Amino acid sequence: MSDRTSRQQPSDLDAFWLKEAERLDWMTKPSKAGNWSWAEDDLRIAWFEDGVLNASVQCLDRHVAAHPDRTAIIWEGDSPDVSERITYREAFEEVCRMANVLKARGVRKGDRVILYMPMVPEAAYAMLACARIGAVHSVVFGGFSPEALASRIEDCGATAIITADGGRRGGKTIPLKANVDKALEKASGIRLVLMVQVTDEKVAFEDGRDLWWHEARDDVTPDCPPEPMKAEDPLFILYTSGSTGKPKGVVHTTGGYMTYAAYTHEKVFRVEPEREVYWCTADVGWITGHSYIVYGPLANGCTTLMFEGVPSYPDAGRMWAVVEKHEVAVLYTAPTAVRALMRESDELVTKHDRSSLRLLGSVGEPINPEAWRWYHEVPGEGRCDIVDTWWQTETGGIMITPLPGDPMDKPAAATKPLPGIVPAILDADGKPIEGPGEGGLVITQSWPGQARTVWGDHERFVQTYFSTYKGAYFTGDGARRDEDGDYWITGRLDDVLNVSGHRMGTAEIESALITHKAAAEAAVVGYPHDVKGQGVHCYVILKEGYEPSDELALELKKTVREEIGPVATPDRVQLAPGLPKTRSGKIMRRILRKIAEGHPDQLGDTSTLAEPEIVDKLIEGAKGFK
Ligand code: 6R9
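All the letters of the sequence shown, read from the start, carry residue numbers 1 to 626 under the UniProt record's numbering.
And the structure:
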């Protein structure tokens, strides 16, 4: 057993990262590592600047040369009767074909391509096909609404979309193409909609714009030379929620991101590529799907499992059935799935053979010790280590995590940073806390996987991450360091919710609510939820002339679904007579949070409120919720 506390940090970071970059196949090797400044007036981040490479080559060509017949992707369908194995050679050819189709339809290096896909192998092909020709992909989660899709198309100025007729999830069909059509009534600039046939959904077809993949793929060759990309050319944009305004298009570039995805995937999961099956249950619409279903595992030549469905279909034993069927060695999933499954009978787990399992991973939100223990004891039979990996869309890959072989004596601790990552905990004045203590979690030195900017709004990037603490990247999370120097993530310090591992801005949900004609004002807070981690509690003030009713509350929930997507559906809508505001008009969210959490006795000082009597009415109104 290795001793966690002695995890080695390199003394020369640049030399360390330059060495790590050697794990990639460069067309031109980089001669230097980092070139960055985190000064507010001169904020720039570059890694391996003079290197030239192509991300798809890392994931395909070099493995096709070395082991063409190794399985690259195991695809498990929504239906338990359907699965497929795709070799590195087959994946390579499909990616080249898709790249050629995009090229033939005028997609060029630097163009933005939106992917709105179900969890089918073509989603991975589409990402890699864009990478192959130097187009910048932006995957939009299939659970987002046409409105959310439209705003992302517009924000990044995309010219093409790759989608499917529909997606299958838990026995239901999601009308992806119909959603695209709706989005395109609002967003302009799209010249090509490439559509994969997945379901038998009837779809509209617009000649000249729409194209079926299965028809187009036969007109092109399975060979497409990779576009030479500078290390700092963008690889993808991924939209994520913050505490203010619309979601931000986080930009990741080629050389640094690929180095970091490959490095962390190997370091944390230690997959034996020629033997083991690795399964990350995320959706490709999230950063976890980017780094740990597609780019990391494929760069390392692993067999990555892609699951189309949900853990609860056809029953809550599905995850373990898949582990058994494909002899999965490493399972990487989210606490929300663990919590949902632990409510079911253990027999649904134990009736499946899990002897192939070696390592269990957790990501996306804090895992509570109870869920950690169940995950360790029941699915993991007490013999599989757990890696509870803390990281973010903006970090590109895993940052702070236990490693396999570490003592498993601190359930739910993030423990130590990976070699090369330098975190710190700062107090309210921005002073570093040495030794045990709690405060804001920052990273003090750049690393290759770091996001470079916000698409089209560098100033917002600077403001969001580098203005809270001078000269440090602020994560938005709080953390505690214990006597052994181990880190524990305490949760977001800003107005970002984490619902079932999905990041959501309270401001976004508030804006969605007030698009309803009856809503005058809204305030959204999170509250502890047994399965989702956090639930969404909305306080809505109605306009003159509207009366509170259950129907109106339901309509408001529906409005959020339509504006953002099903993932953001509020758990509770409280139609309230007013909001607790200070005399200067600032909403006191602390009070709203305490009420939603069911702790009206812990409101603290309410003397600065303009109308203190509102509080009692809010407490009364919240009593109806479980
Ligand atoms: C990878 C991903 C990032 C936020 C992050 C934090 C929370 C993620 C966590 C965790 C505690 C973990 N978070 N992993 N909190 N323990 N192991 O999830 O990216 O969607 O950008 O969310 O999620 O609050 O700041 P993203």
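Built from N, CA and C at the ideal position, the CB exists for glycine as well.
Bear in mind that the values here come from a model prediction, so they are computed numbers and not experimental data.
TODO: Whole angstroms is fine: what's the gap from A568's alpha carbon to G157's?
DONE: 25 Å
TODO: Use the C-beta contact count for V63: other C-beta atoms within 10 angstroms, 16 or more gives buried, fewer gives exposed.
DONE: Note that residue 63 corresponds to His in the displayed sequence, not to Val. Flag for H63 reads buried.
Open item on the list: Quick check on C96: does DSSP put it in helix, strand or coil?
Closed with: helix
- [ ] Identify which residue in S11, G380, V363, L238 has its Cα closest to the Cα of H352.
- [x] G380
Task: Alpha carbon of L13 to alpha carbon of S31, nearest angstrom - done: 14 Å
- [ ] Quick one: using the 10 Å Cβ neighbour count with 16 as the cut-off for buried, is G545 buried or exposed?
- [x] exposed
Open item on the list: Quick check for students: name the residue ranges of the beta strand (DSSP E) that lie wholly in the region 19–65, counting only runs of 3 or more.
Closed with: 34–39, 42–47
Open item on the list: Is the beta carbon of P335 closer than 8 Å to that of G364?
Closed with: yes
Task: Three-pair Cβ contact test at 8 Å for the region 273–282 versus the region 237–252 - done: no
- [ ] Might you give, ordered along the chain, the residues of its own chain that have their beta carbon closer than 8 Å to the beta carbon of E438, omitting 5 neighbours on each side?
- [x] I425, G478, A479, R480, R481, T490
- [ ] Keeping to the same chain, check which residues put their C-beta closer than 8 Å to that of V531; ignore five residues upstream and five downstream.
- [x] T336, R339, A340, R343, S500
Open item on the list: In this structure, how does DSSP classify M1 when only helix, strand and coil are distinguished?
Closed with: Any answer about M1 is weak, because its pLDDT of 43 lies below 50 and its placement is not dependable; what the coordinates show is given next. Coil.
Open item on the list: Would you call the region 198–206 in contact with the region 158–166, where contact means no fewer than 3 C-beta pairs closer than 8 Å?
Closed with: yes
Task: Simplified DSSP assignment, three categories, for W75 - done: strand
Task: DSSP state of D388 mapped onto helix, strand, coil - done: strand
Open item on the list: By alpha-carbon positions, which one of V378, H290, Y295 ends up nearest to W320?
Closed with: V378
TODO: Look at the Cβ atom of R132, then the Cβ atom of N35, and state whether they are nearer than 8 Å.
DONE: no
TODO: Decide if Q574 is buried, meaning its Cβ has at least 16 other Cβ atoms within 10 Å, or exposed.
DONE: buried
- [ ] Give the DSSP-derived three-state secondary structure of A135 in the structure shown.
- [x] coil
Open item on the list: Can you give me the C-alpha to C-alpha distance between M1 and K431, rounded to a whole angstrom?
Closed with: Confidence is the limiting factor: at M1 the pLDDT is only 43, short of 50, which leaves the residue's position unreliable and the question unanswerable from this model.
Open item on the list: Is G535 close to ligand 1? I mean its beta-carbon at under 7 Å from any heavy atom of the ligand.
Closed with: no
Open item on the list: Could you check whether the Cβ of Q392 sits closer than 7 Å to any heavy atom belonging to ligand 1?
Closed with: yes
TODO: Kindly examine ligand 1 and report whether one of its heavy atoms sits closer than 7 Å to the Cβ of T244.
DONE: no
Open item on the list: Could you check whether F144 and I564 sit closer than 8 Å to each other, using their CB atoms as the reference points?
Closed with: yes
Open item on the list: Any beta carbon from chain B within less than 8 Å of D61's own beta carbon?
Closed with: Looking for chain B here will not work: only one protein chain is present.
Task: Under the three-state DSSP convention, the category S511 falls into - done: helix
Task: Near ligand 1: E508 beta-carbon under 7 Å from a heavy atom - done: no
Open item on the list: Closer than 7 Å to a non-hydrogen atom of ligand 1 - does that hold for the CB of R492?
Closed with: yes
- [ ] Please determine if the region 172–181 and the region 113–132 are in contact, where contact requires at least 3 C-beta pairs separated by less than 8 Å.
- [x] yes
Open item on the list: Quick check on DSSP: helix, strand or coil for N179?
Closed with: helix
Open item on the list: Looking at the secondary structure, which residues open and close the beta strand (DSSP E) in which V328 lies?
Closed with: 328–333
Task: Contact test: D388 Cβ vs ligand 1 heavy atom, cutoff 7 Å - done: yes
Open item on the list: With distance defined between alpha-carbon atoms, name the residue in L24, I73, W374 nearest to G51.
Closed with: L24
Task: beta-carbon D477 near ligand 1 non-hydrogen atom, thresh 7 Å - done: yes
- [ ] Kindly list the residues whose CB is nearer than 7 Å to the CB of R270, restricted to its own chain and excluding five residues on each side of it in sequence; keep chain order.
- [x] P404
Task: Proximity winner among N100, A33, K594, relative to A135 (alpha-carbon distances) - done: N100
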